[in-house]
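As structure tokens, the structure follows; a few thoughts come after it.
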Amino acid sequence: MIRYRYGPWDPRYRQFLAFLEARQLIRISVTKPERVSLTAAGLKLAEQVAATDSFSPIVERCDAMVGNLAALTGTQLKDLVYELFPTEVGELPMRSEIKP
Amino acid sequence: MIESAPPRPLRLGRGLRVLNVGMVQQSGEVEEYDFSHAAMTVLTGPRNSSKTTTLKVIDFCFGGRGSVAEELGAAIDEKYAALSVNIAIDGVHYRLLREFEHGRRGRVKIDDDTDLLVGEVSEWLLGKLGWPSLSIPLGRNAITATQQTPLTFRSALRHIYRREDSWTDFAAKEQEYLRRAVVSLFLGFAPQRYETADYDLGQAQREIAAAEAVFRDVLTSTDESVRAVVSQLGLPPVLNSDSLGGVRAELMQRLAAVRSQRDSITDSAALAAQSADGMPGFDPDLPARLEHASAQAAGAAEEAASLRLVVAEHERSRSLVASDIARLHRLVDAVDIFDELPVRICPACEQSVDPKRPHDDATCYLCMQPVSGDIRRRRAEREQRALATEQEDLGDALSRAQADLDGAHRMEASATKRRARLAHSLQDARVSRLAPFMAALEDVATEIGRVEQQLAALPALETILSRRVAAEQAVKTARREVARLSDLGNADARGASDTSERCAELADHMNDFLSHFQDRGWVAGLVTVSADDLTFYVGTRPWEDNLGAEARVLFFLAYSFALLHLSARPDQRTCAPGLLLLDNPYQQGLSADVVVDAISRIANAAERLGTQVVVTQARNADAITAPHIEIRMPQEYAT
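As they're listed, the protein sequences go chains A and B. Mind the numbering: the first sequence is residues 265 to 364 in our numbering, read in order. Mind the numbering: the second sequence is residues 5 to 643 in our numbering, read in order.
Dropping the structure here:
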């Protein structure tokens with residue numbers, strides 16, 4: 265993850281989205297802001313991935329976020345990150361890598 | 005305007021005169037009433053012809069505090085834009101103007117150069133008249149009064165402006181203490197009466213009572229506190245602040261002696277410790293062995309700490325390798341899953357792409373460029389194998405480090421135990437050598453602690469005693485102040501010897517006036533004024549107990565007559581108003597010819613003394629025998 269003005273961000277997200285869109289796994293709305301949602305094929309694939317053992321740690325993390333962090337807005341998430349990780353994120357120079 | 009007798013123009017002597025009243029209508033038209041042609045001006049006219057209103061206008065310009073509608077009526081508020089009164093004070097002319105425009109209603113303009121708030125006019129008039137500005141006790145008895153109130157011009161005005169509804173009392177709703185203050189102001193001894201120390205004396209007496217109560221309270225509480233502290237700490241007796249110095253010196257001396265005793269014992273103990281190294285039963289190598297054991301324990305602890313760091317580092321590396329292996333597992337699974345999902349939309353142009361589009365096996369169906377076989381899976385599997393080997397190596401290294409750490413822990417525990425045993429032995433040996441001195445040292449330390457505690461309590465005692473001193477001082481100060489004010493009061497009393505004379509003179513003028521009305525409305529005895537409390541007596545009883553309604557009207561005509569005569573007094577202390585405003589004295593069924601006679605006598609007095617009287621009445625003024633000017637009010641308003 266990279267330290268951007270509004271918090272941590274990975275510039276590869278754009279490529280990931282193009283990868284998924286090219287395979288008709290997601291659809292991206294043209295409205296502002298853009299909305300990303302799973303297609304039927306994407307949903308099916310996600311269920312398949314979630315059932316795989318190697319992805320179980322990631323699934324557990326996602327489950328922990330449901331009804332918790334997932335309900336926060338972008339600004340609230342940014343504020344929370346700066347509050348919890350002032351040294352690791354808040355004080356880093358712009359565009360530098362955030363290390364665990 | 006009708007002249008019934010040839011009057012002399014109004015003389016502008018000492019005191020206040022009203023020369024002219026002006027009322028500016030909203031249309032710009034100005035109504036003016038000139039009072040300067042005679043000592044007495046009589047405003048006549050039927051009901052609702054503004055006779056009373058004209059007097060109220062004078063009152064309003066003298067600083068009436070209410071709104072125009074409240075003081076003069078809504079009709080005046082609607083019709084007029086400004087009211088003015090031209091006056092003379094001790095012969096000097098002034099013009100007081102009240103305008104009704106927004107923002108000006110609470111102000112009075114004087115001579116176009118002074119702009120006062122309504123509340124400031126009274127003070128201005130007192131200053132110009134040369135009358136004293138006094139504060140009077142708010143109550144009949146100055147000694148018991150707890151507040152003061154200013155004696156204003158408006159309070160005095162109520163005695164010279166007798167309104168239609170105040171012919172049976174000095175002034176409507178006037179407090180007795182205020183009436184006495186106004187009478188004493190006119191008679192010229194208000195400063196003696198109110199600038200004396202009576203009020204201050206009362207205040208000082210209350211303060212002395214409060215200070216004595218505080219002193220009693222402080223005396224009891226401080227005695228108890230001091231006694232408790234002294235007894236608890238075993239201090240020498242403390243009587244007052246002065247004795248504290250002696251106690252402090254005594255305690256300091258005692259502390260120095262005990263400290264010196266402690267130093268002496270400490271030196272003896274040190275000497276004994278040095279000379280005891282050769283004593284039988286004492287192992288001379290014990291300190292060196294303890295030092296060696298301590299060094300060993302420190303070394304073992306250091307080694308254990310280093311090994312703990314190594315173990316932690318190995319565990320972290322193993323965890324990273326495990327997470328890398330898991331990540332590669334995910335990569336392999338993802339490659340398998342996504343391999344079966346061909347690209348169906350061009351990410352660049354977003355057009356649909358057919359995966360079954362004819363193309364060579366060795367080329368991309370999307371861009372037709374040659375492609376090589378997918379080696380991501382093989383590469384990931386190779387990396388996984390390398391990481392698994394690394395994980396095994398790390399496990400071995402971790403086991404070895406953990407075994408070393410366990411050994412280091414055992415060594416550290418053993419060295420620490422040995423050091424503790426040696427330290428204990430050394431301590432026992434030293435204690436046995438110093439034992440003879442310990443009891444004495446403990447006693448001395450206890451004594452030092454006790455003396456230091458006693459010394460620490462002294463500032464608190466000083467504070468407690470200083471409260472007593474302060475309270476005692478406050479009582480002394482209050483007593484001195486009472487004595488001073490009492491002396492001052494006695495001096496004032498000696499200087500006020502002409503008070504009785506002035507009261508008697510006022511009463512004489514009233515009696516002179518009333519003697520002409522004996523059996524013509526006045527059947528009571530002589531008026532006297534008490535110099536002590538300025539009570540007006542008729543015969544032997546207070547005036548209000550002895551007079552009926554008709555007689556009261558005559559009483560106040562007599563009072564007004566007497567006030568006019570104050571202008572004849574040569575001294576400057578007397579505050580002669582020089583003006584009377586009498587609103588319709590035909591009151592309480594008093595015979596009209598008696599009233600006419602009374603007004604004529606007042607007018608003659610005004611003419612003779614050079615003062616001014618303005619009277620209003622419904623009937624014409626032809627019956628008044630004294631020189632006067634009659635102003636017939638021009639308009640009659642519908643009711």
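Glycine included, every Cβ here is placed at the ideal spot set by N, Cα and C.
Specify the secondary structure class of R386 of chain B as computed by DSSP and reduced to three states.
Helix at R386 of chain B.
With a cut-off of 9 Å, does the C-beta of R210 of chain A fall near any C-beta of chain B?
Since the first and last residues shown for chain A are 265 and 364, residue 210 of chain A lies out of range.
Tell me the residue span of the beta strand (DSSP E) that contains G306 of chain A.
Element bounds for G306 of chain A: not the beta strand (DSSP E) but the alpha helix (DSSP H), 304-314.
In chain A, what lies closer than 9 Å to L345 of chain B by C-beta?
Simply R287, Q288, L289, A305, L309.
Rounded to a whole number of angstroms, what is the C-alpha to C-alpha distance between R573 of chain B and R69 of chain B?
Spanning the two alpha carbons is a distance of roughly 33 Å.
Of the residues that make up the stretch 319-334 of chain A, which ones have a beta carbon closer than 9 Å to any beta carbon in chain B?
Within the stretch 319-334 of chain A, the residues whose Cβ lies closer than 9 Å to some Cβ of chain B are F319, P321, I322, listed in chain order.
Out of B:V336, B:T153, B:V598, B:L130, point me to the one whose CA is closest to R141 of chain B's CA.
Just to set this straight, residue 141 of chain B is Pro in the shown sequence, not Arg. Ranking the options by Cα distance to P141 of chain B, first place goes to B:T153.
Compute the Euclidean distance between the alpha carbons of L613 of chain B and Y165 of chain B, then round it to the nearest angstrom.
Roughly 19 Å between the two C-alpha positions.
When the cut-off is 9 Å and only beta carbons count, does I266 of chain A lie next to chain B?
No, because no Cβ of chain B sits closer than 9 Å to the Cβ of I266 of chain A.
What's the C-alpha gap between D185 of chain B and C65 of chain B?
At residue 185 of chain B the sequence reads Ala, which differs from the Asp that was named. Rounded to the nearest angstrom, the two C-alpha atoms are 23 Å apart.
Which residue marks the beginning of the alpha helix (DSSP H) containing H333 of chain B, and which one marks its end?
Segment 290-343, the alpha helix (DSSP H) holding H333 of chain B.
If you drop the 5 nearest sequence neighbours on each side, which residues of the same chain put their C-beta closer than 6 Å to that of V328 of chain A?
With the sequence shown as reference, residue 328 of chain A is identified as Ala, and Val is not the correct amino acid for it. Correct list: empty, nothing qualifies.
Check whether the Cβ atoms of G582 of chain B and R18 of chain B sit closer than 9 Å, and answer yes or no.
Cβ distance < 9 Å, so G582 of chain B and R18 of chain B count as in contact.
V527 of chain B to L189 of chain B, Cα distance in whole Å?
When rounded, the distance between both Cα atoms is 30 Å.
Identify the continuous beta strand (DSSP E) that holds L87 of chain B and give its terminal residues.
Element bounds for L87 of chain B: 84-93.
Taking the alpha-carbon positions, what's the Q592 of chain B to H106 of chain B distance?
When rounded, the distance between both Cα atoms is 42 Å.
Report the rounded CA-to-CA distance for A474 of chain B versus T481 of chain B, giving the unit in angstroms.
C-alpha separation (whole angstroms): 10 Å.
Which residues of chain B have a Cβ atom closer than 7 Å to the Cβ of T351 of chain A, listed in chain order?
Those do not exist, as T351 of chain A stays about 19 Å from chain B at its closest Cβ, beyond 7 Å.
With which residues is D119 of chain B paired in a DSSP beta bridge?
In the DSSP output, where bridge partners are listed per residue, D119 of chain B has B:K113.
When DSSP labels each residue in this structure, what does G77 of chain B get in the three-state scheme?
DSSP places G77 of chain B in coil when its eight states are reduced to three.
Tell me, to the nearest whole angstrom, how far the beta carbon of L255 of chain B is from that of L459 of chain B; I am working on the premise that it is less than 8 Å.
Between L459 of chain B and L255 of chain B the Cβ distance is about 5 Å, and since that is below 8 Å, they are a contact.
Taking the DSSP output, what are the residues bridged to F540 of chain B?
BP columns for F540 of chain B point to B:V533.
Do F517 of chain B and A607 of chain B come within 9 Å of each other at the CB atom, strictly closer than that value?
Contact flag unset, no.
Could you pull out every residue in the same chain whose Cβ sits closer than 8 Å to the Cβ of T303 of chain A, ignoring the five residues on either side in sequence?
So the list reads Q288, L289, I290, R291, once near-sequence residues are dropped.
Check whether the Cβ atoms of E416 of chain B and A301 of chain B lie closer than 9 Å to each other.
Their beta carbons are under 9 Å apart, which means E416 of chain B touches A301 of chain B by this criterion.
For H333 of chain B, which residues in chain A fall below 7 Å Cβ to Cβ?
Ordered by position in chain A, the residues that pass the 7 Å Cβ test against H333 of chain B are S318.
Nearest by alpha-carbon distance to R12 of chain B: which of B:G26, B:F39, B:M27, B:A299 is it?
For the residues B:G26, B:F39, B:M27, B:A299, the minimum Cα distance to R12 of chain B belongs to B:F39.
Who are the Cβ neighbours of D408 of chain B in its own chain at under 7 Å, not counting the five residues just before and after it?
Only L311 meet the Cβ criterion.
Looking at C-alpha atoms only, which residue of B:P10, B:K177, B:L47 is the closest neighbour of Q621 of chain B?
The shortest C-alpha separation from Q621 of chain B is found at B:L47.
Tell me the residue span of the beta strand (DSSP E) that contains H97 of chain B.
Residues 96-103.
Measuring straight from C-alpha to C-alpha, what distance separates G543 of chain B and V34 of chain B?
Cα to Cα, the separation comes out at about 51 Å.
Hey, could you find the ends of the beta strand (DSSP E) L568 of chain B is sitting in?
Per DSSP, L568 of chain B belongs to no beta strand (DSSP E); it is in the alpha helix (DSSP H), 553-568.
Grab the span of the alpha helix (DSSP H) containing P195 of chain B for me, first residue to last.
First-last of the alpha helix (DSSP H) with P195 of chain B: 194-198.
Which chain B residues are close to V313 of chain A, counting only those with a beta carbon under 7 Å from its beta carbon?
Result: I341.
Short of 7 Å in beta carbon distance, which residues of its chain neighbour E485 of chain B, apart from the five on each side in sequence? Order them along the chain.
Excluding sequence neighbours, E485 of chain B sits near A208.
Between which two residues does the beta strand (DSSP E) harbouring G26 of chain B extend?
Where G26 of chain B is concerned, the enclosing beta strand (DSSP E) stretches over 20-29.
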